[in-house]
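Peer 1: Sharing a structure here in C-alpha coordinates format.
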Amino acid sequence: MFDPKKILILAPHTDDGELGCGASIAKFCSEGREVHYAAFSSCQKSLPAGLAPDTLERECKSAIKELGMDAGKLMFYNFEVREFSQKRQEILEELVSLNKYIQPDLIFIPSSSDIHQDHQVIHNEALRAFKNSSVLGYDLPWNQNRFSPALFIKLSAPDIEKKVKAIKAYQSQSHRNYMQEEFIRSLARVRGVQSNNEFAEAFEVYKIIS
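Note that my numbering gives residue 240 to position 154 of the sequence shown, counting from 1, and the numbers run on in steps of one.
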(Lines of atoms letter the chains of each structure in order from A; the text may use other names.)
(Lines give C-alpha, C1' and ligand atoms only; values in the text may rest on other atoms or scores of the structure.)
Protein backbone atom coordinates (compact mmCIF):
# COMPACT_ATOMS: atom_id res chain seq x y z
CA MET A 87 0.00 0.00 0.00
CA PHE A 88 0.99 3.64 -0.52
CA ASP A 89 2.19 4.71 2.93
CA PRO A 90 4.47 7.80 2.82
CA LYS A 91 6.63 8.45 5.89
CA LYS A 92 8.35 11.67 4.76
CA ILE A 93 6.18 14.34 3.16
CA LEU A 94 7.24 17.66 1.63
CA ILE A 95 4.87 20.54 0.88
CA LEU A 96 6.11 22.94 -1.79
CA ALA A 97 4.44 26.34 -1.49
CA PRO A 98 5.35 29.02 -4.02
CA HIS A 99 4.15 31.60 -1.50
CA THR A 100 3.38 31.45 2.20
CA ASP A 101 -0.22 30.18 2.63
CA ASP A 102 -0.39 28.11 -0.59
CA GLY A 103 0.36 24.89 1.26
CA GLU A 104 -2.25 25.50 3.95
CA LEU A 105 -4.88 26.44 1.35
CA GLY A 106 -4.12 23.53 -0.95
CA CYS A 107 -3.61 20.72 1.54
CA GLY A 108 -3.78 22.13 5.06
CA ALA A 109 -6.22 19.57 6.41
CA SER A 110 -4.15 16.74 4.96
CA ILE A 111 -1.08 18.21 6.67
CA ALA A 112 -3.00 18.18 9.94
CA LYS A 113 -3.98 14.55 9.36
CA PHE A 114 -0.41 13.52 8.53
CA CYS A 115 0.93 15.26 11.64
CA SER A 116 -1.66 13.60 13.88
CA GLU A 117 -0.58 10.24 12.43
CA GLY A 118 3.04 10.93 13.38
CA ARG A 119 4.35 11.32 9.84
CA GLU A 120 7.34 13.57 9.13
CA VAL A 121 6.07 16.68 7.33
CA HIS A 122 8.30 19.40 5.86
CA TYR A 123 7.12 22.69 4.37
CA ALA A 124 9.12 24.91 1.98
CA ALA A 125 7.79 28.40 1.13
CA PHE A 126 9.64 30.07 -1.73
CA SER A 127 8.44 33.65 -1.23
CA SER A 128 7.02 35.64 1.67
CA CYS A 129 5.45 38.05 -0.85
CA GLN A 130 6.68 41.27 0.74
CA LYS A 131 5.64 43.26 -2.34
CA SER A 132 2.05 42.08 -1.96
CA LEU A 133 1.59 43.05 1.68
CA PRO A 134 -0.90 45.79 2.56
CA ALA A 135 0.77 49.11 3.27
CA GLY A 136 2.16 49.60 6.75
CA LEU A 137 2.82 45.95 7.59
CA ALA A 138 6.27 44.68 8.58
CA PRO A 139 8.23 42.86 5.84
CA ASP A 140 8.28 39.63 7.87
CA THR A 141 4.50 39.61 8.43
CA LEU A 142 3.77 36.59 6.24
CA GLU A 143 6.66 34.58 7.65
CA ARG A 144 5.33 35.13 11.16
CA GLU A 145 1.81 34.24 10.06
CA CYS A 146 3.07 31.10 8.33
CA LYS A 147 4.82 29.98 11.52
CA SER A 148 1.56 30.44 13.43
CA ALA A 149 -0.40 28.60 10.74
CA ILE A 150 1.76 25.49 10.68
CA LYS A 151 1.64 25.38 14.48
CA GLU A 152 -2.16 25.16 14.22
CA LEU A 153 -1.72 22.18 11.89
CA GLY A 154 0.53 20.38 14.38
CA MET A 155 3.73 20.72 12.35
CA ASP A 156 7.20 20.87 13.85
CA ALA A 157 8.44 24.46 13.46
CA GLY A 158 11.92 23.14 12.72
CA LYS A 159 10.65 21.63 9.47
CA LEU A 160 9.49 24.95 8.01
CA MET A 161 11.85 26.54 5.46
CA PHE A 162 11.68 29.98 3.86
CA TYR A 163 13.29 31.19 0.64
CA ASN A 164 13.50 34.79 -0.57
CA PHE A 165 12.46 34.66 -4.21
CA GLU A 166 10.50 37.72 -5.33
CA VAL A 167 6.80 37.18 -5.95
CA ARG A 168 5.87 37.03 -9.67
CA GLU A 169 9.54 36.77 -10.67
CA PHE A 170 10.16 33.02 -10.29
CA SER A 171 10.55 32.48 -14.03
CA GLN A 172 13.66 34.65 -13.98
CA LYS A 173 15.16 32.45 -11.25
CA ARG A 174 14.09 29.08 -12.64
CA GLN A 175 17.52 27.47 -12.48
CA GLU A 176 18.19 28.71 -8.94
CA ILE A 177 14.83 27.33 -7.82
CA LEU A 178 15.57 23.98 -9.45
CA GLU A 179 18.90 23.81 -7.63
CA GLU A 180 17.19 24.54 -4.31
CA LEU A 181 14.67 21.79 -5.01
CA VAL A 182 17.42 19.31 -5.87
CA SER A 183 19.12 20.20 -2.57
CA LEU A 184 15.85 19.67 -0.71
CA ASN A 185 15.47 16.27 -2.32
CA LYS A 186 18.95 15.21 -1.21
CA TYR A 187 18.42 16.59 2.31
CA ILE A 188 14.91 15.26 3.03
CA GLN A 189 14.57 12.34 0.61
CA PRO A 190 10.76 12.63 0.73
CA ASP A 191 8.39 9.85 -0.19
CA LEU A 192 5.61 12.23 -1.20
CA ILE A 193 5.59 15.77 -2.61
CA PHE A 194 2.66 18.20 -2.80
CA ILE A 195 2.91 20.88 -5.51
CA PRO A 196 0.58 23.33 -7.31
CA SER A 197 -1.56 21.69 -9.98
CA SER A 198 -0.58 21.43 -13.63
CA SER A 199 -3.37 23.85 -14.60
CA ASP A 200 -2.52 26.57 -12.05
CA ILE A 201 -2.28 29.81 -14.03
CA HIS A 202 -0.14 31.78 -11.53
CA GLN A 203 3.30 32.21 -13.07
CA ASP A 204 5.18 31.39 -9.84
CA HIS A 205 3.06 28.30 -9.25
CA GLN A 206 3.84 27.07 -12.76
CA VAL A 207 7.58 27.32 -12.09
CA ILE A 208 7.36 25.34 -8.84
CA HIS A 209 5.21 22.69 -10.54
CA ASN A 210 7.55 22.23 -13.48
CA GLU A 211 10.82 22.33 -11.56
CA ALA A 212 9.53 19.98 -8.85
CA LEU A 213 8.77 17.34 -11.47
CA ARG A 214 12.41 17.62 -12.57
CA ALA A 215 13.89 17.60 -9.08
CA PHE A 216 11.84 14.81 -7.46
CA LYS A 217 11.97 12.01 -10.02
CA ASN A 218 11.95 9.26 -7.39
CA SER A 219 9.11 10.53 -5.20
CA SER A 220 5.35 10.34 -5.44
CA VAL A 221 3.94 13.70 -6.57
CA LEU A 222 0.45 15.14 -6.08
CA GLY A 223 -1.00 18.47 -7.24
CA TYR A 224 -3.13 20.44 -4.77
CA ASP A 225 -6.39 22.27 -5.32
CA LEU A 226 -6.47 26.11 -5.58
CA PRO A 227 -9.70 26.73 -7.52
CA TRP A 228 -9.24 30.48 -7.94
CA ASN A 229 -6.06 29.84 -9.97
CA GLN A 230 -7.33 26.95 -12.09
CA ASN A 231 -9.33 26.79 -15.31
CA ARG A 232 -9.58 23.03 -14.86
CA PHE A 233 -8.67 20.48 -12.20
CA SER A 234 -8.72 16.69 -12.61
CA PRO A 235 -8.46 15.07 -9.18
CA ALA A 236 -7.74 11.36 -9.06
CA LEU A 237 -6.90 11.04 -5.36
CA PHE A 238 -9.04 12.16 -2.42
CA ILE A 239 -7.76 12.20 1.16
CA LYS A 240 -10.53 11.46 3.65
CA LEU A 241 -10.53 14.00 6.49
CA SER A 242 -12.16 14.37 9.89
CA ALA A 243 -13.94 17.39 11.33
CA PRO A 244 -10.91 18.14 13.58
CA ASP A 245 -8.66 18.13 10.50
CA ILE A 246 -10.88 20.77 8.90
CA GLU A 247 -10.98 22.82 12.12
CA LYS A 248 -7.19 22.89 12.17
CA LYS A 249 -7.11 24.06 8.54
CA VAL A 250 -9.60 26.83 9.28
CA LYS A 251 -7.49 28.00 12.24
CA ALA A 252 -4.34 27.89 10.11
CA ILE A 253 -5.94 30.04 7.41
CA LYS A 254 -7.17 32.51 10.05
CA ALA A 255 -3.56 32.94 11.17
CA TYR A 256 -3.02 34.90 7.94
CA GLN A 257 -4.62 38.11 9.19
CA SER A 258 -2.83 40.15 6.54
CA GLN A 259 -4.66 38.16 3.85
CA SER A 260 -8.09 38.03 5.48
CA HIS A 261 -9.57 40.37 2.84
CA ARG A 262 -9.18 37.73 0.12
CA ASN A 263 -12.36 35.82 -0.72
CA TYR A 264 -10.65 32.41 -0.82
CA MET A 265 -9.39 32.90 2.75
CA GLN A 266 -12.93 32.92 4.15
CA GLU A 267 -14.00 30.14 6.52
CA GLU A 268 -17.21 29.43 4.60
CA PHE A 269 -15.25 28.78 1.40
CA ILE A 270 -12.73 26.49 3.13
CA ARG A 271 -15.49 24.40 4.69
CA SER A 272 -17.60 24.33 1.53
CA LEU A 273 -14.75 23.08 -0.65
CA ALA A 274 -13.96 20.35 1.87
CA ARG A 275 -17.60 19.25 1.77
CA VAL A 276 -17.71 19.27 -2.04
CA ARG A 277 -14.60 17.09 -2.21
CA GLY A 278 -16.10 14.92 0.50
CA VAL A 279 -19.31 14.41 -1.49
CA GLN A 280 -17.27 13.52 -4.56
CA SER A 281 -15.46 10.79 -2.63
CA ASN A 282 -18.38 9.60 -0.46
CA ASN A 283 -16.93 11.11 2.72
CA GLU A 284 -17.97 13.94 5.00
CA PHE A 285 -14.82 15.94 4.21
CA ALA A 286 -11.87 15.53 1.85
CA GLU A 287 -9.14 17.31 -0.04
CA ALA A 288 -8.58 16.43 -3.70
CA PHE A 289 -5.36 16.08 -5.68
CA GLU A 290 -4.14 15.49 -9.18
CA VAL A 291 -1.79 12.51 -9.44
CA TYR A 292 1.45 12.85 -11.39
CA LYS A 293 3.34 9.91 -9.96
CA ILE A 294 2.81 7.27 -7.27
CA ILE A 295 5.70 5.11 -6.10
CA SER A 296 4.70 2.41 -3.64
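Glycine included, every Cβ here is placed at the ideal spot set by N, Cα and C.
How many angstroms separate the CA atom of S234 from the CA atom of A135?
Peer 2: Each residue's Cα considered, the two are about 37 Å apart.
Peer 1: Look at the alpha carbon of V167 and the alpha carbon of L96, and state the distance between them as a whole number of angstroms.
Peer 2: If you take the alpha carbons of V167 and L96, they lie about 15 Å apart.
Peer 1: Taking the straight line between their C-alpha atoms, what separation do you get for E268 and E287?
Peer 2: Their backbone Cα atoms lie some 15 Å apart in a straight line.
Peer 1: Judging by CA-CA distance, which residue of W228, Q172 and D245 is the nearest neighbour of M265?
Peer 2: When only C-alpha atoms are compared, the closest one is W228.
Peer 1: Please state whether DSSP places V291 in a helix, a strand or coil.
Peer 2: In the structure shown, V291 sits in a strand (DSSP, three-state: E or B).
Peer 1: At the level of alpha carbons, what is the spacing between A243 and K254?
Peer 2: Their backbone Cα atoms lie some 17 Å apart in a straight line.
Peer 1: The alpha helix (DSSP H) with G223 in it runs from where to where?
Peer 2: Taken as a continuous stretch (DSSP letters only), G223 belongs to no alpha helix (DSSP H), being part of the beta strand (DSSP E) at S220 to Y224.
Peer 1: Quick one: Cα of K293 to Cα of S171, how far?
Peer 2: Approximately 24 Å, taken between the alpha carbons.
Peer 1: What residue range is occupied by the uninterrupted beta strand (DSSP E) comprising H209?
Peer 2: Counting along the chain, H209 falls outside any beta strand (DSSP E), though it belongs to the alpha helix (DSSP H) covering Q203 to A215.
Peer 1: If you reduce the DSSP assignment to three classes, tell me which class Y123 lands in.
Peer 2: Three-state result, Y123: strand.
Peer 1: Can you name, in chain order, every residue of its own chain whose Cβ lies under 6 Å from the Cβ of S296, other than the five neighbours on each side?
Peer 2: Once the five neighbours on either side are set aside, the close Cβ partners of S296 are F88.
Peer 1: Give me the DSSP bridge partner(s) of D200.
Peer 2: Q230.
Peer 1: What does A97 pair with, by DSSP beta-bridge criteria?
Peer 2: Looking at the DSSP assignment, A97 forms a beta bridge with A125.
Peer 1: Quick check on D194: does DSSP put it in helix, strand or coil?
Peer 2: Correcting the residue type first, residue 194 is Phe in the shown sequence and not Asp. Strand at F194.
Peer 1: Considering only residues of the same chain and omitting the five flanking positions on each side of I270, which have a CB-CB separation below 7 Å?
Peer 2: Around I270: K249, V250 and I253.
Peer 1: Alpha helix (DSSP H) containing L184: first to last residue?
Peer 2: R174 to I188 is the span of the alpha helix (DSSP H), which, as asked, contains L184.
Peer 1: Would you list the one or two residues that DSSP bridges to A286?
Peer 2: In DSSP, A286 forms a bridge with K240.
Peer 1: When DSSP builds the beta bridges, which residues end up paired with K92?
Peer 2: For K92, which the question treats as bridged, DSSP gives the partners E120.
Peer 1: Indicate whether P190 and S219 have their beta-carbon atoms separated by less than 8 Å.
Peer 2: Yes, Cβ-Cβ distance for P190 and S219 is below 8 Å.
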